[in-house]
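A.B. asks: Below are the structure tokens for one structure; questions will follow.
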Amino acid sequence: MTDELTPETPDEDEQPIKQRKNGLYPGVSDELAENMKSGWADTELRDLQPIEQAPNAARRRAALSARFPGERLVIPAGNLKTRSNDTEYDFRASTEYVYLTGDQTDDSVLVLEPKGDSHEATIYRLPRSNRENGEFWLNGMGELWVGRRHSLSESEALLGVPCKDVRELAAALKEATGPVRVVRGHDADIEAALTDKVTAERDEELRVYLSEARVVKDAFEIGELQKAVDSTVRGFEDVVKVLDKAEATSERYIEGTFFLRARVEGNDVGYGSICAAGPHATTLHWVRNNGEVRSGDLLLLDAGVETTTLYTADVTRTLPINGRYTDFQRKIYDAVYESQEAGIAAVKPGAAFRDFHDASQRVLAEKLVEWGLLDGPVERVLELGLQRRWTLHGTGHMLGLDVHDCAAARTEAYVNGTLEPGVVLTVEPGLYFQADDLTVPEEYRGIGVRIEDDILVTEDGNRNLSDGLPRRSDEIEAWMAGLLGK
Ligand code: GLY
Ligand code: MN
Ligand code: MN
Numbered sequence: 001m002t003d004e005l006t007p008e009t010p011d012e013d014e015q016p017i018k019q020r021k022n023g024l025y026p027g028v029s030d031e032l033a034e035n036m037k038s039g040w041a042d043t044e045l046r047d048l049q050p051i052e053q054a055p056n057a058a059r060r061r062a063a064l065s066a067r068f069p070g071e072r073l074v075i076p077a078g079n080l081k082t083r084s085n086d087t088e089y090d091f092r093a094s095t096e097y098v099y100l101t102g103d104q105t106d107d108s109v110l111v112l113e114p115k116g117d118s119h120e121a122t123i124y125r126l127p128r129s130n131r132e133n134g135e136f137w138l139n140g141m142g143e144l145w146v147g148r149r150h151s152l153s154e155s156e157a158l159l160g161v162p163c164k165d166v167r168e169l170a171a172a173l174k175e176a177t178g179p180v181r182v183v184r185g186h187d188a189d190i191e192a193a194l195t196d197k198v199t200a201e202r203d204e205e206l207r208v209y210l211s212e213a214r215v216v217k218d219a220f221e222i223g224e225l226q227k228a229v230d231s232t233v234r235g236f237e238d239v240v241k242v243l244d245k246a247e248a249t250s251e252r253y254i255e256g257t258f259f260l261r262a263r264v265e266g267n268d269v270g271y272g273s274i275c276a277a278g279p280h281a282t283t284l285h286w287v288r289n290n291g292e293v294r295s296g297d298l299l300l301l302d303a304g305v306e307t308t309t310l311y312t313a314d315v316t317r318t319l320p321i322n323g324r325y326t327d328f329q330r331k332i333y334d335a336v337y338e339s340q341e342a343g344i345a346a347v348k349p350g351a352a353f354r355d356f357h358d359a360s361q362r363v364l365a366e367k368l369v370e371w372g373l374l375d376g377p378v379e380r381v382l383e384l385g386l387q388r389r390w391t392l393h394g395t396g397h398m399l400g401l402d403v404h405d406c407a408a409a410r411t412e413a414y415v416n417g418t419l420e421p422g423v424v425l426t427v428e429p430g431l432y433f434q435a436d437d438l439t440v441p442e443e444y445r446g447i448g449v450r451i452e453d454d455i456l457v458t459e460d461g462n463r464n465l466s467d468g469l470p471r472r473s474d475e476i477e478a479w480m481a482g483l484l485g486k
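So in the UniProt record's numbering, spot 380 of the sequence shown is number 380, and the numbers just go up one at a time.
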């Protein structure tokens, strides 16, 4: 037993080939095996420069180190998940790992090893595939199948962190002594190796710290969030231009159109796009997107591009499918707009996180009383939360690497916390009248409106990162007319 983490340098020939896929490899003759070993060029990349976020990631690791002195900290990126047989879902590295390394490689693990007053970081990851033992072409996770990986020395240059072979890490963790914590939920093998050494409570403290550390964004993160929003704005414009094709097909045309923008300019969508036409807009997370798109109805589009660095936007617009709101649709839309305006105005440094929610909810409660759907006074409605039959959800959340960012933060650090410059959050009030709601007049039924923007808290107020999209009803109509050449 040792309290030093000392993984052996793996003997390449003895390494079990970790099977990711059920290979269907035909028999390989000795001659072919010998032939495949050689004749390959040296493709090692030299003079690589560190990735842009390397210094930010180093600062974050230093803060983490200071919070957990003398403890070994294990932060896995996660593994591929099987979709069926030898097919995997798209991989998305764990937010904690990305935040602390800037890297997104599957099967990697960041380990902070206590050294003196601080820690030494090492990233454990898969090296280049072995050509001598045929791994590179005979194994389903060989580079010939899945693409070239960075060598350990290339990764060191890019990430600014020493890198070692991950295939020895589990055994080394099993052997090592001393206090240790792991971020759970990403890598079953690593967790199994630590099962006798960790507790759920202590691991949760690590997860909570890493959630709270992300509440205030640095300049790099704000830049990435702006990029995510800018791509999202272009994605919304793409959708408006193809509404006629969506009418001829389904909500899927909208989903596919937005996805094209997300994949070309970013990594993916940051969450399943909500392309909710007509009464589907009253289903908060409508992602089936298999409904009809009809002229005269509204389209609630809630979608966000995730950048190649994995920061996501989260934007909603509720659009008249034929380009003009009916008077009744406009009445509801304008009420939500007024509510959002009140919410955005309440986002500033020193304000309570809850303030923008309260400001938005008050406006909606006032409207519901004014329309005769609720008996006043408004104070009583708010006290009893009666407006919530139609407002349904909280008015916003932190935004960053995760769409619902910082979700493990303690109540006092988030929901009961105070806003400070660098916080990015959504303001997204809505009104939703279900199609089967017998407590409202028929004309309300099946209408759902949400308006969602991504707001940065600045030194003296806020900046709407998504103001590249219009919000007011008349501005939406003018914008749509411009895009449609009307
Ligand atoms: N797109 C999910 C949300 O707005 O929170
Ligand atoms: Mn949203
Ligand atoms: Mn949201």
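Beta carbons: idealized from backbone N, C-alpha and C, even for Gly.
I need the DSSP call for HIS119, collapsed to helix, strand or coil.
C.D. replies: Three-state result, HIS119: strand.
A.B. asks: May I ask you to report which of helix, strand or coil DSSP gives THR426?
C.D. replies: The answer is strand: DSSP assigns THR426 an E or B state.
A.B. asks: Which class does LYS217 belong to by DSSP, given the choice of helix, strand or coil?
C.D. replies: If DSSP states are grouped into helix, strand and coil, LYS217 belongs with coil.
A.B. asks: On the CB-based measure, 16 or more other CB atoms within 10 Å of its CB, does ASP106 come out buried or exposed?
C.D. replies: ASP106 should be labelled buried.
A.B. asks: Following a CB-centred definition, is GLU34 positioned closer than 7 Å to any heavy atom of ligand 2?
C.D. replies: No - ligand 2 has no heavy atom lying nearer than 7 Å to the Cβ of GLU34.
A.B. asks: So, for ASN290: in the same chain, excluding its five sequence neighbours on each side, which residues have a beta-carbon less than 8 Å away from its beta-carbon?
C.D. replies: The answer, listed in chain order, is SER250, GLU251, ARG252.
A.B. asks: Taking only three categories from DSSP, how would you classify GLY396?
C.D. replies: The answer is coil: DSSP assigns GLY396 none of H, G, I, E or B.
A.B. asks: Nearest by alpha-carbon distance to LEU194: which of ARG181, GLU205, ARG202 is it?
C.D. replies: Closest by alpha carbon: ARG181.
A.B. asks: Which whole runs of the beta strand (DSSP E) in the segment 248-326 are 3 residues long or more, in chain order?
C.D. replies: Listed in chain order, they are 274-277, 298-303, 315-320.
A.B. asks: Confirm the yes/no value for this check: CB of HIS285, any heavy atom of ligand 3, distance under 7 Å.
C.D. replies: No, Cβ of HIS285 sits at least 7 Å from all heavy atoms of ligand 3.
A.B. asks: Considering only their Cβ atoms, is the gap separating VAL208 from ALA62 smaller than 8 Å?
C.D. replies: Against a cut-off of 8 Å, the Cβ pair of VAL208 and ALA62 comes out as no contact.
A.B. asks: Taking C-alpha atoms, which residue in TYR432, ALA58, TYR124 lies nearest to ARG388?
C.D. replies: Closest by alpha carbon: TYR432.
A.B. asks: How would you write the range of the alpha helix (DSSP H) that ASP453 sits in, first residue to last?
C.D. replies: Run containing ASP453: none in the alpha helix (DSSP H); it sits in the beta strand (DSSP E), 453-458.
A.B. asks: Check the DSSP bridge columns for GLY461 and list the partner residues they point to.
C.D. replies: Answer is THR458.
A.B. asks: Does the Cβ-Cβ distance between GLU247 and SER211 come in under 8 Å?
C.D. replies: Contact flag unset, no.
A.B. asks: Judging by CA-CA distance, which residue of GLY372, TYR124, LEU425, THR307 is the nearest neighbour of LEU5?
C.D. replies: When each option's Cα is compared against that of LEU5, the closest is TYR124.
A.B. asks: With a threshold of 16 other CB atoms inside 10 Å of the CB of GLN361, please say whether the residue is buried or exposed.
C.D. replies: Under this definition GLN361 is a buried residue.
A.B. asks: So which residues touch the region around ligand 3, with touch meaning a C-beta under 6 Å from any heavy atom?
C.D. replies: Those residues are ASP314, HIS397, THR426, GLU428, GLU452, given in chain order.
A.B. asks: With a threshold of 7 Å (Cβ to nearest heavy atom), would THR316 be considered close to ligand 2?
C.D. replies: Within the cutoff, so yes.
A.B. asks: Can you name the start and end residues of the alpha helix (DSSP H) that PRO482 belongs to?
C.D. replies: Correcting the residue identity first, residue 482 is Gly in this sequence and not Pro. Element bounds for GLY482: 473-484.
A.B. asks: Ligand 2 and ASP86: does any heavy atom of the ligand fall closer than 7 Å to the residue's C-beta?
C.D. replies: Not so, every heavy atom of ligand 2 lies at least 7 Å from the Cβ.
A.B. asks: By Cβ distance, which residues of its chain are closer than 7 Å to ILE332, with the 5 residues on each side in sequence left out?
C.D. replies: Cβ within range, chain order: LEU431, ILE447, VAL449.
A.B. asks: Taking only the alpha-carbon atoms, compute the straight-line gap between ASP355 and ASN464 and give it to the nearest angstrom.
C.D. replies: Whole-angstrom Cα-Cα distance: 17 Å.
A.B. asks: Three or more beta-carbon pairs under 8 Å between the segment 217-228 and the segment 188-204, yes or no?
C.D. replies: Output reads no: the segment 188-204 does not touch the segment 217-228.
A.B. asks: Starting from VAL74 and walking both ways along the alpha helix (DSSP H), at which residues does that stretch end?
C.D. replies: From DSSP, VAL74 is part of no alpha helix (DSSP H) but of the beta strand (DSSP E) over 72-76.
A.B. asks: Which value, in whole angstroms, describes the spacing of the CA atoms of ALA303 and ALA176?
C.D. replies: The straight-line gap from Cα to Cα measures roughly 45 Å.
A.B. asks: Whole-angstrom Cβ separation of VAL336 and THR232, contact assumed at under 8 Å?
C.D. replies: Incorrect: roughly 19 Å between the Cβ atoms, too far for contact.
A.B. asks: In terms of residues, what are the limits of the beta strand (DSSP E) holding THR82?
C.D. replies: Its beta strand (DSSP E) spans residues 82-84.
A.B. asks: For the alpha helix (DSSP H) that LYS174 lies in, which residues bound it at each end?
C.D. replies: Element bounds for LYS174: 169-175.
A.B. asks: Going by DSSP in three states, ARG125 sits in which element: helix, strand or coil?
C.D. replies: In this structure, ARG125 counts as strand in the three-state DSSP scheme.
A.B. asks: Out of curiosity, what's the CA-to-CA distance linking GLY417 and ASP187?
C.D. replies: If you take the alpha carbons of GLY417 and ASP187, they lie about 32 Å apart.
A.B. asks: What number of angstroms, rounded off, separates the C-alpha of GLY23 from the C-alpha of ASP453?
C.D. replies: Reliability fails at GLY23, whose pLDDT of 42 lies under 50, so the model's placement of it is uncertain and the value that follows must be treated cautiously. Approximately 47 Å between the Cα atoms of the pair.
A.B. asks: Quick check on DSSP: helix, strand or coil for ALA413?
C.D. replies: ALA413: helix per DSSP, three-state reduction.
A.B. asks: Consider the C-beta atom of ASP302 and the heavy atoms of ligand 2; say whether any pair is separated by less than 7 Å.
C.D. replies: For ligand 2, at least one heavy atom lies less than 7 Å from the Cβ of ASP302.
A.B. asks: Starting from the C-beta of TRP137, find all residues in its chain whose C-beta is less than 7 Å away, skip the five residues before and the five after it, and write them out in chain order.
C.D. replies: MET36, LEU144, listed in sequence order.
A.B. asks: Give me, in chain order, the residues of the same chain whose beta-carbon lies closer than 7 Å to that of THR257; leave out the 5 immediate sequence neighbours on both sides.
C.D. replies: Result list for THR257: ASP238, VAL239, VAL242, in chain order.
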